[in-house]
Amino acid sequence: AQRVTQPEKLLSVFKGAPVELKCNYSYSGSPELFWYVQYSRQRLQLLLRHISRESIKGFTADLNKGETSFHLKKPFAQEEDSAMYYCALRKGYNKLIFGAGTRLAVHP
Amino acid sequence: DTAVSQTPKYLVTQMGNDKSIKCEQNLGHDTMYWYKQDSKKFLKIMFSYNNKELIINETVPNRFSPKSPDKAHLNLHINSLELGDSAVYFCASSQSPAEGYTFGSGTRLTVV
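Residue numbers (the numbering used here), protein chains in the order written: chain A, -10 to 97; chain B, 286 to 397.
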């Protein structure tokens, strides 16, 4: 079954520290993966897609098919990065399956 | 110039009532969705419409009925509201699945 696992409910770091938000997936085909971010009481926003291999707000994510992972990384966390982060997997033509989310808290 | 707009933002109502949430997108997208975010922040798809046709209907109680009068609108009607329906409901749209979704700001439904 297709599944997205984000093992950490909460990740707490200090400003300037490196961040890695973990995402593992289970999918039998060629996966398409996304990271979404939800700042406090705001809408979910697309952060990045693995197919575009982009870096947004200093975040990057690399698809590792061997480890079935799509971890989100940032070398130096900022306080404004504090938010809920969701990893999502495209299933079928247009359905996204979301992980349970990880709350990132960046302390001054 | 909001891309995906939902109304109302907040909805507090009593058990047993019937309520509707409206969603409109001005992006020209063909596909629209309803997602439910529970108290633990878990997001789950409920419905998806492509050009007014229902294409995804997850295991949702039939008290929930989506209606798409045209491809720019997808409304959610809920009958006989229950305490467990309290959640944030997000509308979203997409044109190409590979591009991802654009979400509305959510409707926080509280059933008392």
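Beta carbons are placed, not taken as given, at the ideal position from N, Cα and C, and that holds for glycine. In this text the structure is predicted, and so the values were computed from the model without any measurement.
At least one beta carbon of chain A lies nearer than 8 Å to the beta carbon of residue 379 of chain B. By the Cβ rule, the region 64 to 77 of chain A counts as touching the region 5 to 23 of chain A, because three or more pairs are nearer than 8 Å. Note on residue 60 of chain A: 16 or more other CB atoms within 10 angstroms of its CB, so buried under the neighbour-count rule. When DSSP states are grouped into helix, strand and coil, residue 309 of chain B belongs to the strand group. Residue 317 of chain B: member of the beta strand (DSSP E) spanning 316 to 322, first to last residue. Each residue's CA atom was taken as its position, placing residue 81 of chain A and residue 18 of chain A some 10 Å apart. Secondary structure note for residue -9 of chain A: it is in no beta strand (DSSP E), with a DSSP letter that is neither H nor E.
In chain order, 382 and 383 make up the part of chain B whose C-beta sits under 8 Å from the C-beta of residue 79 of chain A. Bounds of the beta strand (DSSP E) holding residue 77 of chain A are 72 to 80.
If the five residues before and after residue 364 of chain B are omitted, its C-beta is found closer than 6 Å to the C-beta atoms of 303 and 348, all from its own chain and listed in chain order. For residue 326 of chain B, at least one C-beta of chain A is nearer than 8 Å to its own C-beta. Using a C-beta cut-off of 8 Å, the region 295 to 311 of chain B makes no contact with the region 18 to 35 of chain A, since fewer than three inter-stretch Cβ pairs fall below that distance. By the neighbour-count definition (other C-beta atoms within 10 Å, threshold 16), residue 88 of chain A is a buried residue.
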